[in-house]
Every structure is written in structure tokens, then in C-alpha cells.
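See below for the structure under consideration.
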Amino acid sequence: MEKQWRDISIPLNKNMTTWPGDPPFSLKPAARIAHGDSCNVSEITLSTHTGTHCDAPWHFIEEGATLDTIDLSVFMGEALVLDFSSLPVIRAADLPPTQLPERILLKTAQSDRPTDAPFDPNFTALEEDAAARLVEDGVRLVGIDTLSIAPSGKSAPVHRALLQAEIVIIEGLRLGGVLPGTYEFLALPLAVDKADGAPCRALLRLCAALQKSGRLLYWRAAFTVVGAACIGHGLFPRYDRHMISRFYGVIFTDFFDAALIIISVVIVTFMASLIMGTHEARDRTSLP
400 MEKQWRDISI PLNKNMTTWP GDPPFSLKPA ARIAHGDSCN VSEITLSTHT
450 GTHCDAPWHF IEEGATLDTI DLSVFMGEAL VLDFSSLPVI RAADLPPTQL
500 PERILLKTAQ SDRPTDAPFD PNFTALEEDA AARLVEDGVR LVGIDTLSIA
550 PSGKSAPVHR ALLQAEIVII EGLRLGGVLP GTYEFLALPL AVDKADGAPC
600 RALLRLCAAL QKSGRLLYWR AAFTVVGAAC IGHGLFPRYD RHMISRFYGV
650 IFTDFFDAAL IIISVVIVTF MASLIMGTHE ARDRTSLP
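Start counting the sequence shown at 400; every next residue gets the next number (this note's numbering).
In C-alpha cells, the structure reads:
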């Protein structure tokens, strides 16, 4: 069965944590069947940066692109999850030394906090030198599980560095239980014209390429074991084979050949199930 998508978005509700000063989320009834109306209709009030949301360049740059002009392909594709849960800040030196991919998701200790916890200004965020590294490596999208990519009180420089380079920012992800690695990522924002940002629904699942590599490992192991068994049987000394035939007869010798084949099949099955079980356990741990 193909791995299911996992929702890594913060549910919108009146108790959720919001950025100080932003309008709180509210859901009010506009029509209710119970009150005699023909259908149920609700009125939603929220900030464009409520919960899991996207920052468009216009959020910090007056001449920057608005949300409706961003290429949607940026919001979908392979993404690398990096774990910084033990760090108070993320500096350039904390990033992998190798070339960063087009999309990276930053997991911090925030993912372990309830989504309705009081706002804590001491969250882990990206420092300016780390933002410069993302720009240098050509990153197109960066996501984080905090409500801001930048430190509280000095968010402008980091936001401007990223958005000036047209790097899309996704904030407010839920990455609890997600292990570091490469995943398929999808986070489409609401289609709001001329907006500085919008809430989005972010999804994650184990990358199909990794699933394929797991299957390749399975077959490589199987062929290796079969090959080893065949080679071992082929190298079985003629003298020993002759002795078996001499003392027990040709029928037993043929039985011995068949037994080697059966043993090989059993070993292959055992090794294959062991390898696939390891991969399935890893997948369940990564995406429960």
C-alpha cells in the first residue's frame, strides 16, 4: 500500500497560538439549520499569517511579489527535513556543508509544544548568516515549525534577505515525530489576490525515491544471497559429491542438491522479510 500523506498543518481554532498583535482566529455562525436556516454557513476572521501559512515577498518588501504571482511549483516537490531541536538558534555553521536542495524544512523544539501554548518569544529561529547561506545555495522554499523564521524582535533582516531572493517562507509547520530526511512535500496557500501571505495546508509523506531505493535494497540482498548460495553449491568439492553418491546413492545426492536449493530459498525469504521489516519500521517511525 502506498504511504499516506501526513498533515503537518496547525488546526485553526480559537485557542491556537497566534503572533502577538495579529487578529485572533474566530469562527462565527452566519446561518444555522438549527435556527431555521436552509444550511449552515460560518464567518471566519483571521490574519493572513495565522497558523501554518506562507509569506510572500510583499510581506516585508514593498515592491515584492504578491502571493498570486508566485509559481505554484515552488510549493510542491521533494523537501529535506533538518532537525535543530536541540539548538537555541540556527546559524550557517549548523547547516549541512553540502549543497542544500530547493526545499528545506527546519524542525525545532517548537514541534514538541502544544499548538495552544502561550506565545514564547524565545523560539529557535534562523540567523542572518544562515539566511545568506540559503540564498547562496539557491533554496526556493524554506519551512519552519515556529510562527516566524526569524528571531523575535529582529525579524526584518532575515525575512528581507530571504524574500528579496524570492525564497518562499512557510511558517507554523507541525513536525513532531518527523525524522530528518527527504520527503514529498505539498503546501498550497489559499488563492488570495494581491496578498502578503495566506494560510496553507501542508502535507508530507516519505519520498517515493526512498521507497524505491528500499525495494532496490530488497532485491539486491535477495540476489546476493541467491548468488552466494549458488556459488557455494557450485564450488562444492567434486570429491565430496562423489563420496555422497558412493555411500548413499544417486537418489540421496539429488536430494542433497534439492535441499541446498530449498535452504537458499529460505535464507532469501528470511533476509528479504528482515530488510523490508526494517524499512517499514523506519517508515512508521517517520510518519505514523
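Cβ atoms here follow ideal geometry from the backbone N, Cα and C, with glycine treated the same way.
With respect to Val567, Ile469 sits close: the two C-beta atoms are nearer than 9 Å. Counting C-beta pairs closer than 8 Å gives fewer than three between the region 417 to 436 and the region 579 to 588, which falls short of the contact rule. Membership of Glu527 in the alpha helix (DSSP H) is indicated by the continuous run 527 to 535.
Non-local beta-carbon contacts of Pro579 in its own chain, meaning distances under 7 Å to residues more than five positions away in sequence, involve Val480, Leu481, Asp482 in chain order. Scanning Ile409, Thr497, Gly575, Trp404 for the CA closest to the CA of Leu546 turns up Ile409. Taking C-beta separations shorter than 7 Å and ignoring five residues to either side along the sequence, the partners of Arg539 in its chain run Val473, Glu501, Arg502, Ile566, Val567, following chain order.
Listed as beta-bridge partners of His452 by DSSP are Glu570, Pro598. The three-state secondary structure of Leu471, taken from DSSP, is helix. By the beta-carbon neighbour count (other beta carbons within 10 angstroms, threshold 16), Ser510 is buried. Less than 9 Å separates the beta-carbon of Asp544 from that of Leu505. For the region 412 to 460, the continuous beta strand (DSSP E) assignments of 3+ residues that do not extend past its boundaries occur at 425 to 430, 440 to 444, 452 to 454, in sequence order.
The three-state secondary structure of Ala586, taken from DSSP, is strand. In the DSSP assignment, the residues bridged to Asp406 are Leu602.
Beta-bridge analysis with DSSP links Gly580 to Val480. Under the 8 Å Cβ criterion, the region 546 to 557 does not count as touching the region 433 to 447, having fewer than three qualifying pairs. With respect to the C-alpha of Leu525, the residue from Ala430, Ile569, Thr417, Ala516 having the closest C-alpha is Ile569. Contact annotation, Gly596 with Cys438: C-beta distance approximately 30 Å; criterion of less than 8 Å not satisfied. By the neighbour-count criterion, in which 16 or more other beta carbons inside 10 Å mark a residue as buried, Ala530 falls on the buried side.
Restricting attention to Gly571, Leu602, Ala594, Glu462, the CA atom closest to the CA of Glu583 is found in Leu602. When C-alpha distances from Asp406 are compared across Gly576, Phe522, Phe518, the shortest belongs to Gly576. Under the DSSP assignment, Leu505 falls in the beta strand (DSSP E) whose first and last residues are 502 to 506. Within the same chain, and ignoring the five residues on either side of Leu486 in sequence, the residues whose Cβ sits closer than 7 Å to its Cβ are Asp493, Thr523. Judged by their CB atoms, Gly571 and Thr465 are not nearer to each other than the 9 Å cut-off. About 5 Å separates the Cβ atoms of Ile460 and Leu562, confirming a contact at the 8 Å cut-off. Around the CB of Val541, 16 or more other CB atoms lie within 10 Å, so the residue is classed as buried. Short of 6 Å from the beta carbon of Asn521, and not among the five residues preceding or following it, lies no beta carbon of its own chain. Note on Arg431: under 16 other CB atoms within 10 angstroms of its CB, so exposed under the neighbour-count rule.
Shortest Cα-Cα distance from Ala516 to any of Asn412, Ala429, Ile548 involves Asn412.
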